[in-house]
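Participant:
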Amino acid sequence: MNTGILDVAAVQRRLRAFSDARGWEPYQTPKNLAMAMVVEAGELVEIFQWMTPEASARIAEKPEVQQHLGEEMADVMVYLLQIADRCGIDIAAAIDRKMALNAAKYPAPADATQATLVLGANGKLVVDDGAQVAGSDVA
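Heads up: the sequence shown begins at 39 in our numbering, then just goes up one per residue.
(1) Taking the alpha carbon of Arg51 as the point to measure from, which residue in Asp149, Met89, Val114, Leu119 has its own alpha carbon closest?
(2) Closer than 8 Å is the cut-off here; do at least three beta carbon pairs connect the region 108 to 126 with the region 75 to 89?
(3) Leu155 by DSSP, collapsed to three states: which one?
(4) Write down the C-beta distance between Pro64 and Cys125 rounded to the nearest angstrom, noting that I regard them as a contact closer than 8 Å.
Below, the structure written as structure tokens:
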């Protein structure tokens, strides 16, 4: 039953039980799970491959495509949660840490409605006020 809140620990327990019931544990190393996740990410990207940006923004108008997208997103998330579980990473805490790092690295402009990123002459991303974005490797 979906309550709208993702209980990461509960999902990880379900995934462990699913894997254990099938004898998959020996094969589900972090390396193998990461490789499988990339395959699933490719399947997710394939949905958008030949869509225009406008068509991709309207994907909710096509329930069958939206459902397929959700299934591929779930596949990616399942592998990501399994990697976190196998590596002892508290994914919620990791997200919190990463968001704090990104907030420091990419401070919000005074007027967010005017914020734009453009490619500067030096090939780095710059904000509309001309300030260089630190590292220009957007998370």
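The C-beta atom is built at its ideal place from N, Cα and C for all residues, glycine as well.
Facilitator: Inspection of the coordinates gives the following:
(1) Of all alpha-carbon atoms in Asp149, Met89, Val114, Leu119, the one lying nearest the alpha-carbon of Arg51 is that of Leu119.
(2) Contact between the region 108 to 126 and the region 75 to 89 is present, because at least three Cβ pairs lie under 8 Å.
(3) Assignment of Leu155 by DSSP, reduced to helix, strand and coil, places it in the strand class.
(4) Contact between Pro64 and Cys125 is absent: CB atoms are separated by about 17 Å, not below the 8 Å threshold.
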